[in-house]
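These notes are about the structure you will find just below.
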Amino acid sequence: MPHIYSLAYLTSAPMAPPDALVLAQKLGYQAIGIRIAPAAPDGDFSPLATDPAILRETIRRIDDTGVPVFDVEIARLGADFAPDHFAPFLETAGRLKARAILVAGDDPNETRLTESFAKFCRVAAPYGLTADLEFMPWTAVKNAKAALRIVTNAGEPNGRVLVDALHAARSATTLDDIASLPRHLQSYAQLCDAPAGIPATDAELIHTARCARLLPGDGGIDLDGIVRVLPDDLPLSLEIPNDEWLPKLGAEEWGRRALAAARRIVANATDRKASA
Numbered sequence: 001m002p003h004i005y006s007l008a009y010l011t012s013a014p015m016a017p018p019d020a021l022v023l024a025q026k027l028g029y030q031a032i033g034i035r036i037a038p039a040a041p042d043g044d045f046s047p048l049a050t051d052p053a054i055l056r057e058t059i060r061r062i063d064d065t066g067v068p069v070f071d072v073e074i075a076r077l078g079a080d081f082a083p084d085h086f087a088p089f090l091e092t093a094g095r096l097k098a099r100a101i102l103v104a105g106d107d108p109n110e111t112r113l114t115e116s117f118a119k120f121c122r123v124a125a126p127y128g129l130t131a132d133l134e135f136m137p138w139t140a141v142k143n144a145k146a147a148l149r150i151v152t153n154a155g156e157p158n159g160r161v162l163v164d165a166l167h168a169a170r171s172a173t174t175l176d177d178i179a180s181l182p183r184h185l186q187s188y189a190q191l192c193d194a195p196a197g198i199p200a201t202d203a204e205l206i207h208t209a210r211c212a213r214l215l216p217g218d219g220g221i222d223l224d225g226i227v228r229v230l231p232d233d234l235p236l237s238l239e240i241p242n243d244e245w246l247p248k249l250g251a252e253e254w255g256r257r258a259l260a261a262a263r264r265i266v267a268n269a270t271d272r273k274a275s276a
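Per UniProt numbering, the sequence shown starts with residue 1, numbered consecutively.
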């Protein structure tokens, strides 16, 4: 089964979700991602949880285009985690009929974080949502092994591990670590590229992640290796924010190039895997 390609929020930001749906349909993406809560206190997001009008328009465009919302973001689980805090977020995700929630782990106490993740999974389950724990080297969940340990110990049927190619390349994560992730613990993966090497500071890591990712094939990440060890049918979200090139080219051309580049990477990886 071929991969499903989803247009991530940051690849078309600051485009509003209704317009992103139209763009995704035009370019040939099979889904989109929406950020309904900011990644940082002053970060960009689409206020669907507080603006009924844009939520209604987004749902209408989903129906018109036939393009679904695959994932919503971002749920950050800190030491002060309280399930009730996420009620509007989850209700909005449910109304969008999304499939997955991007979850970040910010609590350095892994035992408490695991308990919080389990509770979050349970409140997300009635909406038909998976909780996809993304490992990021500057967070409390720094690599694939840590994410797998937390998801496994939480033991909830909708708990998942999210592999982002950037974070896989810039953390203590190997291709074997990714290959060892069970298929039933993965809903989707995120694909992008970046310069080779690991920046020395968290600030540099975060800057690349939020502002300076590259199109697949334009950087030094072993995307061929990552794609070959991911499940063949795993949906791929193309998350490629770039503060220089996205404004220059516009969201339509950037999204077009992203999809073409991702398809080339996947085709090459598939051919190599078949001939191995």
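Using N, Cα and C, we set each Cβ at its ideal position, and we do this for glycine too.
Every value quoted in this text rests on a predicted model; they were computed, and no experiment measured them.
Quick one, which of Asp232, Glu73, Gln186 has its alpha-carbon nearest Asp44's? Closest by alpha carbon: Glu73.
For Ser6, does the three-state DSSP call read helix, strand or coil? Residue state, collapsed to three classes: strand.
Cutting at 8 Å between CB atoms, please list the residues of its own chain near Leu77, excluding the five before and the five after it. Around Leu77: Val103, Ala104, Gly105, Asp106, Asp107, Leu113, Ser116, Phe117, Phe120.
Using CA coordinates, which residue listed in Pro137, Gly94, Leu148 is at the minimum distance from Ile36? Checking every option, the nearest Cα to that of Ile36 belongs to Gly94.
Take Val22 and list the residues in its own chain whose beta-carbon comes closer than 7 Å to its own, dropping the five residues that flank it on each side. Cβ neighbours of Val22 within its own chain (closer than 7 Å, five residues either side excluded): Arg61, Thr65.
Counting only the same chain and skipping the five closest in sequence on each side, list residues whose C-beta sits under 8 Å from that of Lys142. Setting aside the 5 residues that flank it on each side, Lys142 is surrounded in the same chain by Phe135, Met136, Ser171, Ala172, each with a C-beta closer than 8 Å to its C-beta; the list follows chain order.
Touch test, the region 245-253 against the region 216-234, Cβ-Cβ under 8 Å, three pairs minimum: Contact between the region 245-253 and the region 216-234 is absent, because fewer than three Cβ pairs lie under 8 Å.
Report the three-state DSSP secondary structure of Val72 (helix, strand or coil). The three-state reading of DSSP puts Val72 in strand, counting E and B together.
Tell me the start and end of each unbroken beta strand (DSSP E) in the region 27-107 that is at least 3 residues and wholly inside, in chain order. DSSP runs (the beta strand (DSSP E)) wholly in the region 27-107: 31-35, 69-77, 100-105.
Ala100 vs Leu191 beta-carbon contact at 7 Å: Their beta carbons are not under 7 Å apart, which means Ala100 does not touch Leu191 by this criterion.
If you check the beta carbons only, do Arg160 and Ser187 fall under 7 Å apart? Cβ atoms of Arg160 and Ser187: closer than 7 Å.
Fully enclosed by the region 129-193, which beta strand (DSSP E) runs are 3 residues long or longer? Whole beta strand (DSSP E) segments, 3+ residues: 130-134, 159-164, 189-191.
What three-state label does DSSP hand Ala212 in the structure shown? Ala212 sits in a strand when the DSSP states are folded into three classes.
Could you check whether Tyr5 and Leu215 sit closer than 7 Å to each other, using their CB atoms as the reference points? No, they are not a contact pair.
Might you give, ordered along the chain, the residues of its own chain that have their beta carbon closer than 7 Å to the beta carbon of Ala212, omitting 5 neighbours on each side? Correct list, in chain order: Asn242, Asp243.
When the Cα of His3 is compared with those of Ala251, Leu230, Leu90, which residue comes out closest? Considering only alpha carbons, the answer is Leu230.
So what does DSSP say about Leu23, is it helix, strand or coil? It is helical.
Assuming Glu239 contacts Ala8 under a Cβ cut-off of 8 Å, what Cβ separation, rounded to an integer in Å, is found between them? That belief holds up - the Cβ atoms of Glu239 and Ala8 are roughly 4 Å apart, short of 8 Å.
Going along the chain, which residues of its own chain have a beta-carbon closer than 7 Å to the beta-carbon of Ile265, five neighbours each way excluded? Sequence-distant Cβ neighbours of Ile265 in its own chain, meaning closer than 7 Å and more than five residues away, are Pro216, Gly217, Leu223, Asp224, Val227.
If you check the beta carbons only, do Leu181 and Asp132 fall under 7 Å apart? No, these two residues do not count as a Cβ contact at 7 Å.
Identify, in the order they occur along the chain, each residue of the same chain with its Cβ nearer than 8 Å to the Cβ of Val151, setting aside the five sequence neighbours on each side. Spatial neighbours of Val151 in its own chain (CB-CB distance under 8 Å, excluding positions within 5 residues in sequence) are listed in chain order as Phe117, Leu133, Gly159, Arg160, Val161, Leu185.
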